[in-house]
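Note that the UniProt record's numbering gives residue 238 to position 238 of the sequence shown, counting from 1, and the numbers run on in steps of one.
We treat Cβ as the ideally placed atom computed from N, Cα and C, and that holds for glycine.
Step one of this worksheet: look at the structure below.
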Amino acid sequence: MEEEEKDDNNDILTKFANFVDSNLRIFRNVSWILAGAGIVLILRRTYAFRQFKAVSDVPTEFVAKNISFRGHVREVRLDNTLGIYHIPLLRGLKKSYSSSDTEVSEQSSLLAISLLGLEFREGGNKWLSDHVLSTKVQMTPLQVTKENTLDCIVYKKKGWFSSMSVNEEMVRQGVAVTCHVSSLTNSPLDATLQRRLLKAELLAEKKGVGIWIRPSLLERLQSTLSFPVSRLKGAFNAVQNLSLGRLFSRKATKDEEK
C-alpha cells in the first residue's frame with residue numbers, strides 16, 4: 001500500500017512538472033503581464049500620465065516634497081509670472097514639445113509660476129522674455145501663494161549635462177534682488193536658495209551689472225563739475241538781473257524829477 005501511495009504521489013508531481021514544462025511560455029507571459037500591470041499602477045500613483053492645467057491640479061504632495069516637473073514657457077506676463085504648459089513625464093517621451101505646439105486651447109491650460117525669492121527690478125521682465133520665453137524648463141515647487149501662483153525654483157538647460165537656476169541668474173544679471181519669504185522659514189531648500197541668491201547679488205554688485213551699474217570716471221567728473229558751473233551760471237544771471245533792475249529804477253526816478 002505504501003508503495004502504491006508513493007507511486008501515486010510521484011505520478012502527480014511528474015504530471016505537474018510536465019504541465020509546467022509544456023506551458024512554460026504561458027507562465028512567463030503571465031508573470032510579465034502582472035509585472036507590467038504593477039508598473040502601470042505605480043506610474044499612475046506618481047501622476048506620470050496626468051497633465052496639470054491649473055495650480056490647483058498640482059498635488060499637495062509635489063509641493064510638500066518639492067517634486068520637480070517639466071514644462072514649456074509660453075508666456076511672460078506683466079505681473080512677472082510665467083505661463084507654463086506642463087509636460088507629463090510619459091507623454092513627454094512620446095511627443096516633442098516646441099513653440100509650434102502652441103494652440104488656443106493650450107493657452108487656457110497654463111500654470112501660473114512665480115520665481116521664488118525675487119523682487120524684480122528694471123529690465124527683469126524683458127530679460128525673461130529674451131532668455132526664458134519659448135524654452136523648456138524644470139520647476140521645483142515650494143508653495144502656493146495667496147495670488148494662486150506656484151512659487152518655484154525654475155531651471156533651464158545650459159548644456160548637454162548642466163542647467164542653470166533662472167532665479168539665481170536674474171539676480172546675477174542685476175535685473176532682480178533677493179527677498180526673504182517668511183512663510184518658508186523652516187524650508188531647507190529655501191534656505192539654500194537664499195544663500196545662493198545673496199551670493200549672486202554680491203557678485204552682481206561687485207561687477208556693476210544691471211541696477212548695480214556704476215557711472216564711469218568721466219561721467220562722475222562731469223557730474224561733479226556741472227554742479228559748481230550751474231551755480232556760477234545762476235549767480236551770474238541773478239547779478240545781471242539785479243543790475244538791470246537798478247538801471248531801470250534810476251531812469252524812472254530821473255524821468256519823475258524832470
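Quick check on residue i: does DSSP put it in helix, strand or coil?
i: Leu-203; result: helix
i: Val-177; result: strand
i: Ser-56; result: helix
i: Lys-65; result: coil
i: Lys-126; result: helix
i: Gln-194; result: helix
i: Ile-84; result: strand
i: Arg-70; result: strand
i: Val-209; result: coil
i: Val-144; result: strand
i: Gln-138; result: strand
i: Leu-118; result: strand
i: Ser-165; result: strand
i: Leu-110; result: coil
i: Val-76; result: strand
i: Leu-150; result: strand
i: Gln-51; result: coil
Measuring alpha carbon to alpha carbon, tell me which of the options ends up nearest residue i.
i: Gly-210; options: Lys-157, Ile-153, Glu-122; result: Glu-122
i: Glu-170; options: Lys-126, Thr-140, Ser-183; result: With the sequence shown as reference, residue 170 is identified as Met, and Glu is not the correct amino acid for it. Checking every option, the nearest Cα to that of Met-170 belongs to Lys-126.
i: Leu-184; options: Asn-148, Glu-205, Ser-162, Val-144; result: Val-144
i: Arg-167; options: Leu-82, Asp-57, Ala-48; result: Note that residue 167 is Asn in the sequence shown here, rather than Arg. Measuring from the Cα of Asn-167, the nearest candidate turns out to be Leu-82.
i: Ala-54; options: Val-76, Ile-84, Val-177; result: Ile-84
i: Arg-70; options: Leu-90, Ser-108, Leu-189, Leu-128; result: Leu-90
i: Glu-119; options: Pro-215, Val-175, Arg-74; result: Val-175
i: Tyr-47; options: Ile-87, Gly-208, Pro-215, Pro-188; result: Ile-87
i: Met-164; options: Arg-196, Glu-147, Ala-191, Asp-190; result: Arg-196
i: Ile-213; options: Gln-107, Gln-173, Arg-74; result: Gln-173
i: Val-63; options: Cys-152, Lys-207, Thr-192; result: Cys-152
i: Val-73; options: Gln-107, Pro-59, Asn-66, Lys-65; result: Gln-107
i: Gly-159; options: Glu-147, Phe-52, Val-137, Lys-146; result: Val-137
i: Ser-56; options: Lys-146, Ser-162, Ser-129; result: Lys-146
So, are the CB atoms of residue i and residue j less than 8 Å apart?
i: Gln-194; j: Gly-117; result: yes
i: Ser-114; j: Leu-78; result: no
i: Thr-135; j: Lys-156; result: yes
i: Glu-201; j: Val-177; result: yes
i: Asp-190; j: Leu-142; result: yes
i: Leu-111; j: Glu-75; result: no
Should residue i be counted as a contact of the ligand FAD given a C-beta to heavy atom distance under 7 Å?
i: Ser-165; result: For the ligand FAD, the structure offers nothing, since it holds no ligand at all.
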